[in-house]
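Below: the structure, in structure tokens.
Residue numbers (the numbering used here), protein chains in the order written: chain A, 1 to 345; chain B, 346 to 543.
Structural data, given as structure tokens:
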């Protein structure tokens, strides 16, 4: 009897509990039912505009083996395009044509710098065979690199309309191969120039004096100079630093993705091209003064010897040093001869 | 004539890479070259999106502007194509392209990378339409057959759209207004200097 009552009571409690639970769920239900409709599937979605504003590029992940293709967008190419198509052309044209115009005006106004005391007929060695080999190795490479490089920037506008697209493509491909492969001997040449002539190219007090007196370029003065005068030292450092900078940036471009990615290559191309056009302009000045600009100058790098009078006028301190050295070795030779002859007598 | 464009609806792309495979197969693209790829942004995080990307056939294309030998040309359908006979493989288009589209057949330095290869919008090259020479250099010319690019045609979720710019922009607008959201036409601002107002 008690058992039946207790069982009934338990059932009542169970039903009541179930009712209470149902009530709680019913009350809570509307709140949870609203949840799905308030979800915005794009709430946390990446936005193109925001990503571009943050880094000016969008990068993600790709499943293909070419991992560098994970850059989705990089609009920086536009600025590079502006540089390559407009700015660089202006800088190049002004630097190179400006230098040519300057040299023509200078030649017409000043003419060739003559040897004032005339040729003595006696020669003195200025550059030995190794020095001349290194110079001409670098120089020939430079000429090919300069022409093939200018072709990339100006060829399309200047040469393409003259010879037509297929001939221009053949020429440009040859130029590109020459540019790429001659960069190696050119770099070796620049390194050898750096090592070979560093000793005589450290600026010193004589250079200040030389510049103050116009270096013989302005006026007919002949300020004293050692093996290299301040102007030549400047050329040396232009070759070493300009050659070095164009070599480093050039190799970054030649081996894409080994050193940098696209943005780095754009920057490397900017440095490479601006250094190159300024380098070319400077070398035009160097070529001028070494050929038609000055009497007796070319033979220094041609045959390797210069006239003693030329040395006296343009490199007086160097001539004195050479004479002193020759005198010293001459004296020791004489002494040696004297001592050798002594016992025999 | 139509102004052909690509549009990838990133809210639909499921990163199946079928467009990549279809492209490679249709044009017999050699190993190492991917004319099309799928990039996933914020992979594994909430709000990740995948975008299928290839050459966008830009208005006033940067590749064409910087090319030192002028080997690019734009068709009447505004598809940007190039001549592999004129290309010297210098890599300049690669520096200028905002979408990483230009590809080179050989790994190594630019001196020996070979002729550039890129998406042709399934429109071949300068050779005669449908010729063997055209197929060998640039792949199939579906446009000449009256067909649209295969990548978009076989996209299982119809995420990738290809066709006249106005038409695909309209399709995208309708989708966005119906479903209530859209992460935008990726690359349009960069390629065409215009976004789709939704």
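C-beta atoms are modelled at their ideal positions from N, C-alpha and C, and glycine is treated no differently.
Residue i versus residue j - alpha carbon distance
| i | j | result |
| --- | --- | --- |
| residue 264(A) | residue 257(A) | 9 Å |
| residue 65(A) | residue 407(B) | 27 Å |
| residue 272(A) | residue 543(B) | 44 Å |
| residue 226(A) | residue 132(A) | 19 Å |
| residue 423(B) | residue 176(A) | 30 Å |
| residue 529(B) | residue 398(B) | 14 Å |
| residue 223(A) | residue 201(A) | 17 Å |
| residue 205(A) | residue 230(A) | 10 Å |
| residue 486(B) | residue 479(B) | 8 Å |
| residue 466(B) | residue 350(B) | 9 Å |
| residue 251(A) | residue 80(A) | 19 Å |
| residue 277(A) | residue 171(A) | 21 Å |
| residue 218(A) | residue 68(A) | 56 Å |
| residue 438(B) | residue 268(A) | 15 Å |
| residue 498(B) | residue 511(B) | 17 Å |
| residue 301(A) | residue 96(A) | 24 Å |
| residue 169(A) | residue 380(B) | 24 Å |
| residue 363(B) | residue 86(A) | 41 Å |
| residue 358(B) | residue 434(B) | 33 Å |
| residue 395(B) | residue 182(A) | 44 Å |
| residue 178(A) | residue 93(A) | 23 Å |
| residue 451(B) | residue 253(A) | 16 Å |
Assigned secondary structure, residue i (DSSP; H/G/I helix, E/B strand, else coil)
| i | result |
| --- | --- |
| residue 207(A) | helix |
| residue 85(A) | helix |
| residue 354(B) | strand |
| residue 461(B) | coil |
| residue 542(B) | coil |
| residue 162(A) | helix |
| residue 486(B) | strand |
| residue 142(A) | helix |
| residue 366(B) | helix |
| residue 431(B) | coil |
| residue 386(B) | strand |
| residue 527(B) | coil |
| residue 31(A) | Any reading at residue 31(A) must be qualified, since the residue scores a pLDDT of 47, below 50, and its modelled position is unreliable; no value is offered. |
| residue 130(A) | helix |
| residue 476(B) | coil |
| residue 504(B) | coil |
| residue 249(A) | helix |
| residue 257(A) | coil |
| residue 449(B) | coil |
| residue 466(B) | coil |
| residue 492(B) | coil |
| residue 396(B) | strand |
| residue 444(B) | coil |
| residue 378(B) | coil |
| residue 512(B) | helix |
| residue 424(B) | coil |
| residue 414(B) | coil |
| residue 349(B) | strand |
| residue 359(B) | coil |
Residue i versus the options, residue with shortest Cα-Cα distance
| i | options | result |
| --- | --- | --- |
| residue 118(A) | 75(A), 313(A) and 320(A) | 313(A) |
| residue 139(A) | 174(A), 156(A), 127(A) and 193(A) | 193(A) |
| residue 490(B) | 447(B), 473(B) and 459(B) | 473(B) |
| residue 108(A) | 300(A), 315(A), 93(A) and 292(A) | 292(A) |
| residue 538(B) | 75(A), 59(A), 50(A) and 268(A) | 75(A) |
| residue 189(A) | 125(A), 136(A) and 127(A) | 136(A) |
| residue 481(B) | 428(B), 395(B) and 367(B) | 428(B) |
| residue 228(A) | 105(A), 141(A), 219(A) and 198(A) | 198(A) |
| residue 262(A) | 536(B), 527(B) and 443(B) | 443(B) |
| residue 50(A) | 536(B), 531(B) and 541(B) | 531(B) |
| residue 185(A) | 141(A), 146(A), 212(A) and 208(A) | 141(A) |
| residue 445(B) | 57(A), 128(A) and 130(A) | 57(A) |
| residue 144(A) | 134(A), 121(A) and 180(A) | 180(A) |
| residue 286(A) | 48(A), 191(A), 100(A) and 149(A) | 100(A) |
| residue 203(A) | 98(A), 174(A), 70(A) and 235(A) | 235(A) |
| residue 187(A) | 288(A), 44(A) and 249(A) | 249(A) |
| residue 400(B) | 462(B), 390(B) and 513(B) | 462(B) |
| residue 246(A) | 233(A), 43(A) and 270(A) | 270(A) |
Cβ-heavy atom distance, residue i to the ligand NAP, below 7 Å
| i | result |
| --- | --- |
| residue 469(B) | As presented, the structure is devoid of all ligands, the ligand NAP included, so that no description of it is given. |
Interface flag, residue i vs chain D, CB-CB below 8 Å
| i | result |
| --- | --- |
| residue 359(B) | You won't find chain D in this structure, because its protein chains are A and B. |
Item checked: Residue ranges of each alpha helix (DSSP H) within the region 166 to 230 of chain A, 4 or longer -> Counting only runs of 4 or more, we get 205 to 212.
Check: Could you give the uninterrupted runs of the alpha helix (DSSP H) lying entirely in the region 44 to 118 of chain A, keeping only those of 4 residues or more?
Finding: For the region 44 to 118 of chain A, the continuous alpha helix (DSSP H) assignments of 4+ residues that do not extend past its boundaries occur at 48 to 55, 77 to 82 and 88 to 110, in sequence order.
Check: Is the region 107 to 121 of chain A close to the region 280 to 300 of chain A, with three or more CB pairs under 8 Å?
Finding: Yes, they touch.
Check: Would the region 241 to 249 of chain A and the region 278 to 286 of chain A be scored as touching if the rule is three or more Cβ pairs under 8 Å?
Finding: Taking 8 Å as the limit for Cβ pairs, the verdict is that the region 278 to 286 of chain A does touch the region 241 to 249 of chain A.
Notebook entry, point to check: What are the complete alpha helix (DSSP H) segments, minimum 4 residues, inside the region 265 to 337 of chain A?
Noted result: Counting only runs of at least 4 residues, the region 265 to 337 of chain A fully encloses the following alpha helix (DSSP H) elements, listed from N- to C-terminal order: 298 to 302 and 308 to 314.
Margin query: If contact is defined by three or more beta carbon pairs under 8 Å, each pair taking one atom from either stretch, is the region 401 to 416 of chain B in contact with the region 381 to 389 of chain B?
Written below: Contact between the region 381 to 389 of chain B and the region 401 to 416 of chain B is absent, with fewer than three C-beta pairs closer than 8 Å.
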